[in-house]
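Structure record follows, encoded as structure tokens.
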């Protein structure tokens, strides 16, 4: 695998998709790789297809044209655009311009209309690719839900054990030591001292 393919995989741009609206018209922007050598940036309205292919040298030339310092930074802007939806499309004749980002940091790339035979193949490939992506998302969602249920069950089990521990008798609990009367204090009324018995008057 070339360095470009590795960079595209790391940036998750080897198979990215995003729907863009231009007035009432919608476009599906998508990327793919061909023969582990070419990166394809494309868009379709469901009928026509526009695209441009880049090899490693061509992508580097496009990066330089857009005044971006490195391929990684260039791909990161695309990744952010596809993730946040910061993508726009302008159509002029048989060409459309794909704009990623805004302001001075925006990247403009022209995409050109494919031939009739290429459109058919491209749309067929895209259809199955979208279906496969949906299937993978369903598998991931099912796995995530199973993990959530498992964590809930573990939490519920831990809470039950904690409740049982709280209900169990603690050492020494419930056993009260008998209070001993203080020396000189009354047994009947502990707050008062005993009165000494009268001894009478002693005569010498």
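In full-length UniProt numbering, the protein residues as written are 1 to 204.
The C-beta atom is built at its ideal place from N, Cα and C for all residues, glycine as well.
In this text the structure is predicted, and so the values were computed from the model without any measurement.
Taking Cβ to Cβ, would you say residue i is nearer than 9 Å to residue j?
i	j	result
residue 109	residue 52	yes
residue 11	residue 78	yes
residue 118	residue 94	no
residue 107	residue 7	no
residue 101	residue 80	yes
residue 133	residue 62	no
residue 37	residue 5	yes
Does the beta-carbon of residue i have 16 or more other beta-carbons within 10 angstroms, so that it is buried, or is it exposed?
i	result
residue 88	buried
residue 19	exposed
residue 121	exposed
residue 43	buried
By DSSP's criteria, residue i is part of a beta bridge. Which residues make up the other side?
i	result
residue 51	42 and 112
residue 19	28
residue 97	90 and 110
residue 34	38
Whose C-alpha, out of the options, is nearest the C-alpha of residue i?
i	options	result
residue 47	123, 157, 145 and 6	123
residue 25	105, 96, 107 and 31	96
residue 27	34, 106, 126 and 64	126
residue 15	111, 130 and 100	130
residue 208	156, 36, 85 and 57	For the chain, the structure presents residues 1 to 204; residue 208 sits outside this window and is missing.
residue 105	50, 67, 151 and 158	67
Tell me whether residue i, by its Cβ, gets closer than 8 Å to a heavy atom of the ligand ATP.
i	result
residue 113	Of the ligands one can find in the structure shown there are none, so the ligand ATP has no counterpart to examine.
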